[in-house]
Amino acid sequence: MPPFTTTSRHEYRIRRMSIDSERLGPLLHIRPGATPRVAIISASYGAGHNSASREISRALGEAGCDVEIFDFVDLMPWRLGHSLKVGYKMQLQVSPDSWGTTMSLVMPGRPLHKPFNRFLRLSTRKITEAVHGADLVISTHPFCSQVIGHLRTSGQLTVPAVTYLTDAAVPALWINPGIDLNLAIHEVAAREARMLGGNAAVVQPLVPPGAAYVPGQVFADPLADLNLTGPRALVTGGSLGAGALEQTARDILEHSDMTPVVLCATDSCLKRRLERIPGVVALGWRTDVRALMATSDCVVQNAGGFTSLEALASGTPVITYRSISGHGAANSANLDRAGLIPWARDEIELAKHLVVAAESPRFNRLALGVPDIVQILTDTYDETAVA
9 MPPFTTTSRH EYRIRRMSID SERLGPLLHI RPGATPRVAI ISASYGAGHN
59 SASREISRAL GEAGCDVEIF DFVDLMPWRL GHSLKVGYKM QLQVSPDSWG
109 TTMSLVMPGR PLHKPFNRFL RLSTRKITEA VHGADLVIST HPFCSQVIGH
159 LRTSGQLTVP AVTYLTDAAV PALWINPGID LNLAIHEVAA REARMLGGNA
209 AVVQPLVPPG AAYVPGQVFA DPLADLNLTG PRALVTGGSL GAGALEQTAR
259 DILEHSDMTP VVLCATDSCL KRRLERIPGV VALGWRTDVR ALMATSDCVV
309 QNAGGFTSLE ALASGTPVIT YRSISGHGAA NSANLDRAGL IPWARDEIEL
359 AKHLVVAAES PRFNRLALGV PDIVQILTDT YDETAVA
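Take any residue in the sequence shown, count from 1 to its spot, add 8: that is its number in my numbering.
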């Protein structure tokens, strides 16, 4: 069945996602007259983790919680977190495919895992101070989950700890036995978390207000001044413009009638290179991505990150192409396996998916009928409603 042409099978699959979810009872108590405190530990290695943290904060804040977000980058001593961030950004820009190799070296069972965890635990003092007095601690990054899980296991943290899995795939570094519950954005990821020994439940993915598709809603074309004609494909490599975006744009030009519109994000060098290619529209950092998605015929992504979730919610068909190795490829495989985003492995498959996408109906492709984060944390959802 073509991946974009119908909602029925997709919606049925999504509604079944929560059947196998772990149910541990309430991890958060929201009562009249009380304001529970929630501490979220994020890490600004890429924008997706912080974006997820903001949406968690918004949802819990609206439910009556006092929420504070902390950045792991600032919680490491001696500016080590900042040095790691600079190295991460440089590595993704210079050799994005090497990041997967780097992370594989610190996974559980590998020789560098224990030394790396000891390095991460240098943040213990500041994290302990940050979460003092909290009723619930939430992590949105694997580095944070390793430290928080250790604090929970060692008894230094006595309140529930939850990991919100921002990735569509779950490398072993995400899972720590001290974490009470891991929240996954689809059932394939939840099963991976369980296989790694974690408790897991499927949660409705969090995206910003206004990101979801609304039938009949019309957006002004942000690129109207360019007088573009014909269909267009919005190409994204996340907040850093990482991956083979230039070659992706060239492939779209060669194998389709679409105009590639490339989100170069913070990579000004990429933007200058693309501006020299006839037929390619190169954009820098944008704050109108929702409108760009709505006025594009499809979104082509390579990492399965937060931007992909926004694209799925927007109703615009999404395609994976030239996926970044490591976490990008793992995310792409799971999104394909879950029936959410098809993965074009070569130029021929890309051309086919672009044709299908251009003819596809628009609808919110994110999880429908699964509990939201407040319902799961407070244990107030009805399983029969989604079974």
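Built from N, CA and C at the ideal position, the CB exists for glycine as well.
Between Thr132 and the set Pro150, Ile146 and Val155, the nearest pair of CA atoms involves Val155. If you ignore the 5 residues before and after Ile349, its C-beta comes within less than 6 Å of the C-beta of Val326, Thr328 and Leu343, all in its own chain and listed in chain order. When only Cα atoms are considered, Arg298 and Gly238 end up about 20 Å apart.
According to the DSSP secondary-structure assignment, Gly245 is paired through a beta bridge with Ser247. With respect to the C-alpha of Thr274, the residue from Met266, Glu254, Pro379 and Leu248 having the closest C-alpha is Leu248. Sequence-distant partners of Ala60 (beyond 5 residues in either direction) whose C-beta falls short of 7 Å from its own C-beta, in its chain, are Thr148, Tyr172, Thr174, Leu214 and Phe314. In the three-state reduction of the DSSP assignment, Ile64 falls in the helix class, which pools H, G and I. Short of 7 Å from the beta carbon of Glu254, and not among the five residues preceding or following it, lie these beta carbons of its own chain, in chain order: Leu278, Arg281 and Leu282.
Taken atom to atom, the span from the alpha-carbon of Asp105 to that of Ser333 is near 5 Å. Unbroken beta strand (DSSP E) runs of no fewer than 3 residues, entirely contained in the segment 82-113, are not found. Judged by DSSP secondary structure, Glu76 falls within the beta strand (DSSP E) whose first and last residues are Asp74 to Asp79.
In the DSSP assignment, Thr386 falls within the alpha helix (DSSP H) that extends over Ile381 to Thr386. Annotation: Pro369 to Arg284 spans about 34 Å, alpha carbon to alpha carbon.
Only exposed fits Leu32, as fewer than 16 other CB atoms lie within 10 angstroms of its CB.
The way I'd put it, the segment 136-150 does touch the segment 34-51; three or more beta-carbon pairs between them come closer than 8 Å.
In the structure shown, the three-state DSSP call for Thr43 is coil. Here Val289 carries a strand assignment [DSSP, helix/strand/coil].
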